[in-house]
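Per our numbering, the sequence shown starts with residue 3, numbered consecutively. Where a beta carbon is used, it is the ideal one built from N, C-alpha and C, also for glycine. All figures in this text were calculated on a predicted structure; none of them were measured in a lab.
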Amino acid sequence: MFFKYPPEIRKLIYTTNIIESYHRQLRKVTKGKSIFPSDEALLKMLYLATMDVTRKWTSRVQNWGQMLLQLSVFFSGRVGRHLR
3 MFFKYPPEIR KLIYTTNIIE SYHRQLRKVT KGKSIFPSDE ALLKMLYLAT
53 MDVTRKWTSR VQNWGQMLLQ LSVFFSGRVG RHLR
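Written out as structure tokens, the structure reads:
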């Protein structure tokens, strides 16, 4: 079902699951280091990763106009109703 949409919409769907995305980013940061010198070192690393991830949440979605047009084609009755 996921692959029936164009790549732009698939990217939007894939990146909207915030919890999975956040977990993946934290895992990417901690994966390379299996042992931390202290709990504080781990907390600092997770804090800095969280700051980096949340900064990206406020960035604009590229090609939003094109995505919106494609969404309105696939979900014609639902998208327009929420844009008015």
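- Looking at the backbone, the Cα of LEU45 and that of LYS33 are separated by about 14 Å.
- Counting other Cβ atoms within 10 Å of its Cβ, LEU50 stays below 16 and is therefore classed as exposed.
- The C-alpha of ILE11 is placed about 19 Å away from the C-alpha of LYS58.
- Take SER74, set aside five residues on each side of it, and the residues of its chain with a beta-carbon closer than 8 Å to its own are VAL81 and GLY82, in chain order.
- Cβ-Cβ separation between PHE76 and TYR24: approximately 27 Å, too far for a contact (criterion under 8 Å).
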